[in-house]
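Participant: Encoded as structure tokens, here's the structure I'll be asking about.
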Amino acid sequence: MGDPALPMPQSVLRHFPAHVHALTVVSDRDGLLADEEVAGVLADRGFTLVAEDDPVRLRVRIEDLRPWTPERPVIVVTAGELRGVPFDLWRQGRHVTLSLHDFFTRLAYPIVKSLAPAQRARLAAAVEPLATLGESSSIDFILRQAFDLDAFDLDAFDLANPAGLVSWLNHHHARNETLPARLRDALLTRLQVAPGLRELGLDVATLLDDREAYDRFVRAQWDRFVRRSTGA
2 MGDPALPMPQ SVLRHFPAHV HALTVVSDRD GLLADEEVAG VLADRGFTLV AEDDPVRLRV
62 RIEDLRPWTP ERPVIVVTAG ELRGVPFDLW RQGRHVTLSL HDFFTRLAYP IVKSLAPAQR
122 ARLAAAVEPL ATLGESSSID FILRQAFDLD AFDLDAFDLA NPAGLVSWLN HHHARNETLP
182 ARLRDALLTR LQVAPGLREL GLDVATLLDD REAYDRFVRA QWDRFVRRST GA
């Protein structure tokens, strides 16, 4: 269960104290152990993670890591139920179940699940909504909190002007991230009807999806500005 008093990575890590358990079996259907901070701390604590769908490969890896000790601990990770792990490992290991729903109880699970680990981490740092949100409201909340759109009033289309859009796209592309499909579509639906962008004929979808196209657009705008400034 996630601890609301702790940031999400720390709440996950509290299940894995150093030098205590030799073998831990984890159900991690949402990939929380893939978080960069979590993986780094687990490595520092001496844990070796084994995630193999094939039971033969799993057995080979596990046997190669013997002896398991609190000083050389092993985590067996499955995306399924704990009972799906070979019985002898299930019996010997300590059991942990991780779920995004424990950390984002008021947001629509399918939307949160679509986020990359870094995006989830930013969302976890935000103040949770006061009430349980449906999918549409969850999308709006996540766009604001995990993608820095809280600086813009989406309803008033503050983002939907060239200067605002370029400012946000520059920040977005600097992260080298992809917007999950549902969030991307929701954002484009708003932007594509914005008068300021429609009148300029901007291909918002391409600027959002293609970093190189965005860079070419910015260079072209800069060259146009320079020509106007110099009278060329």
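Residues 2 to 233 (this note's numbering) are what the sequence shown spells out, left to right. Just so you know, even glycine gets a beta-carbon here, dropped at the ideal spot from N, CA and C. As the structure is a prediction and not an experimental result, all values here were calculated from the model.
(1) Consult DSSP for R95 and reduce its assignment to one of helix, strand or coil.
(2) Judging by CA-CA distance, which residue of L144, L43 and V97 is the nearest neighbour of A19?
(3) Using only alpha-carbon positions, find the residue among L66, V21 and D216 that is nearest to H173.
(4) Please report the straight-line C-alpha distance between F218 and P130, rounded to a whole angstrom.
(5) What residues in its chain sit with their C-beta under 8 Å from that of L79, if we drop five residues either side in the sequence?
(6) Closer than 6 Å by C-beta to A122: which residues in its own chain qualify, once you throw out the five before and the five after it? Chain order, please.
(7) I need the boundaries of the beta strand (DSSP E) containing S137, first residue and last residue.
(8) With V167 as the anchor, note down where its beta strand (DSSP E) starts and where it stops.
(9) Identify which residue in A35, L166 and E72 has its Cα closest to the Cα of L203.
(10) For T98 and P181, I'd like the C-alpha separation in whole angstroms.
(11) Examine the Cβ distances between the region 138-149 and the region 100-118 and report whether three or more of them are shorter than 8 Å.
(12) Can you tell me which residues form a DSSP beta bridge with L50?
(13) Which word fits A125, buried or exposed, when buried means at least 16 other C-beta atoms lie within 10 angstroms of its C-beta?
(14) Whole angstroms are fine: how far does the CA of D55 sit from the CA of T70?
Facilitator: According to the data block:
(1) strand
(2) L43
(3) D216
(4) 37 Å
(5) Per the sequence shown, residue 79 should be read as Thr rather than Leu. Result list for T79: V26, V27, S28, D29, A52, G85 and V86, in chain order.
(6) none
(7) S137 -> not in any beta strand (DSSP E); alpha helix (DSSP H) instead, spanning E136 to A147.
(8) V167 -> not in any beta strand (DSSP E); alpha helix (DSSP H) instead, spanning P163 to A175.
(9) L166
(10) 25 Å
(11) yes
(12) I76
(13) buried
(14) 24 Å
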